[in-house]
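What follows is a short report on a single structure.
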Amino acid sequence: MKISGIHHIALICSNYEVSKHFYTGILGFGIIAETHRAERNSYKLDLAVPGGGQIELFSFPGSPQRPSYPEACGLRHLALRVADLDASVAGLTGFDVPVEEIRIDPLTGKRFTFFPDPDGLPIELYEETLS
């Protein structure tokens, strides 16, 4: 088997409209497709991630909350590459998104920070330019 990359990351949200606005209006991901599944009373929103890959945003009524932040087993966080961390943080804080202090990764020397999505999923911004 040879894996060629990540196709998508699936997330479940508690408030579809709030999360849709967050991922499209604040983070700027483009909508590929939006599907309402009446039989499940849920939505599926396919979002384009720059550089390849997708995020599938699901809404399921009555989904349980995340057990802890951020050290629960399973997905720890979603990391997004940015070329200018300071500008990205300023953009988020302009939408009143709380952002942690910028830190330096002791292994790579790169700058990074975290912020939550509307359901508290930790999202990392990792400063790295593409060559």
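The sequence shown maps to residues 139 to 269 in the working numbering.
By construction, the Cβ of each residue, glycine as well, lies at the ideal position given by its N, Cα and C atoms.
A quick note: this is a predicted structure, and the numbers were derived from the prediction, not measured.
Option nearest residue i by Cα separation, candidates the options
i, options, result
"I150", "F198, K140, V235, E265", "F198"
"P188", "L213, A217, G212", "A217"
"D224", "S152, T251, H145", "T251"
Beta-carbon proximity list for residue i, same chain, < 8 Å, skipping 5 on both sides
i, result
"P236", "F253, P254"
"E239", "T251"
Rounded distance between the beta-carbons of residue j and residue i, thought under 8 Å
i, j, result
"H215", "I261", "6 Å"
"F196", "L185", "Contact doesn't hold; Cβ gap of about 12 Å is too wide."
"H145", "G191", "7 Å"
Residues near residue i by beta carbon distance below 7 Å, same chain, minus five either side
i, result
"N153", "P256"
"I193", "H146, I147, L149, Y161, F167, L185, V187"
Residue i to residue j span [Cα, whole Å]
i, j, result
"L183", "T162", "10 Å"
"G212", "S201", "16 Å"
Same chain, Cβ closer than 6 Å to residue i, neighbours up to 5 away in sequence not counted
i, result
"E172", "L183"
"S180", "S197, F198"
* Along the chain, which unbroken stretches of the alpha helix (DSSP H) at least 4 residues long are found entirely within the region 148-209? -> For the region 148-209, the continuous alpha helix (DSSP H) assignments of 4+ residues that do not extend past its boundaries occur at 154-159, in sequence order.
May I have a chain-ordered list of the alpha helix (DSSP H) segments no shorter than 4 residues that lie completely inside the region 211-250? Correct list: 223-232.
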